[in-house]
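*Asks:* First the structure, then my questions, so here it is.
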Amino acid sequence: MDELPEYIYPARLAGQGRRLRGLMRLANMARLAEWIETRDGSVAVEAAFFDTDEGLHRAHGEVSGTLTVRCQRCMEPMELPVRSGLKLQFVEEASKIEPEDDYEIVRMTRGPTSLLEVIEDELILALPMAPMHPEGRCSATSTTQSSKSPLAEASEPLRGH
Ligand SMILES: [Zn+2]
Numbered sequence: 000m001d002e003l004p005e006y007i008y009p010a011r012l013a014g015q016g017r018r019l020r021g022l023m024r025l026a027n028m029a030r031l032a033e034w035i036e037t038r039d040g041s042v043a044v045e046a047a048f049f050d051t052d053e054g055l056h057r058a059h060g061e062v063s064g065t066l067t068v069r070c071q072r073c074m075e076p077m078e079l080p081v082r083s084g085l086k087l088q089f090v091e092e093a094s095k096i097e098p099e100d101d102y103e104i105v106r107m108t109r110g111p112t113s114l115l116e117v118i119e120d121e122l123i124l125a126l127p128m129a130p131m132h133p134e135g136r137c138s139a140t141s142t143t144q145s146s147k148s149p150l151a152e153a154s155e156p157l158r159g160h
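According to numbering that gives the first Met the number 0, the sequence shown holds residues 0 to 160 in order.
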């Protein structure tokens, strides 16, 4: 797969009904770098652009790949497969818009729009709050979690009048 351009003209792509398919490098994603252990490699992006009957510019697709994050139990690096659907709606910079049907709103500037930032946002949203190795595959010694929840322990039957 070829590398995708960092910047695109979404309205033009949608008008032409274009489909983009390619790779985006993690090395260029500065904000994502806080969450991942290595910025080597790429994610695969696929997006079909189209105009709706109402003239809205939209794209449907998917971003997928493998990120290296730190297991929050043993603190060792781990590979985390990520796959996230894309539902994008591109709007003029100043226009008021009511988001609908879980579309992510992407504001178009006068010049080209950064596809890289859109994909970076999607990846950050797709990351779990505390990634961990699967049970049994983690090098941390077994956790001493009781099956009893702290809430259950605290709740004495209330005796009032
Ligand atoms: Zn672990």
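Note that CB positions come from ideal geometry on N, CA and C, so glycine has one too.
According to DSSP, A13 sits in a beta bridge with which residue or residues?
*Replies:* DSSP lists no partner for A13.
*Asks:* Which residue spans inside the region 46-99 form an unbroken beta strand (DSSP E) run of at least 3?
*Replies:* 56-69, 76-91
*Asks:* Quick one, which of G110, Q71, R106 has its alpha-carbon nearest P127's?
*Replies:* Q71
*Asks:* Work out the CA separation of S138 and F48 for me, nearest whole Å.
*Replies:* 44 Å
*Asks:* Is DSSP giving D101 helix, strand or coil here?
*Replies:* coil
*Asks:* Assuming P130 contacts L79 (C-beta within less than 8 Å), just tell me the rounded distance between them.
*Replies:* 6 Å
*Asks:* Are the beta-carbon atoms belonging to S83 and A46 less than 7 Å from one another?
*Replies:* no
*Asks:* Among R11, D1, G135, E36, which residue has its Cα nearest to the Cα of G165?
*Replies:* It is not possible to answer for residue 165, since the shown part of the chain is limited to 0 through 160.
*Asks:* Answer with buried or exposed for I35, where buried requires no fewer than 16 other C-beta atoms within 10 angstroms of its C-beta.
*Replies:* That one is buried.
*Asks:* What number of angstroms, rounded off, separates the C-alpha of G14 from the C-alpha of P76?
*Replies:* 43 Å
*Asks:* Let me know the secondary structure DSSP gives K147 once reduced to three states.
*Replies:* Note that K147 scores 45 on pLDDT, short of 50, meaning its location in the model is unreliable and no value can be drawn from it.
*Asks:* Indicate, with yes or no, if ligand 1 has a heavy atom lying under 6 Å from the CB of R72.
*Replies:* yes
*Asks:* Ordered along the chain, which non-local residues of its own chain (more than five positions away) have a Cβ less than 8 Å from that of I123?
*Replies:* Excluding positions up to five away in sequence, the list reads R30, L31, W34.
*Asks:* From E2, D1, M0, Y6, pick the residue whose C-alpha is nearest to that of V105; which is it?
*Replies:* Y6
*Asks:* Determine the burial state of E61: buried for a count of at least 16 other Cβ atoms within 10 Å of its Cβ, exposed for fewer.
*Replies:* exposed
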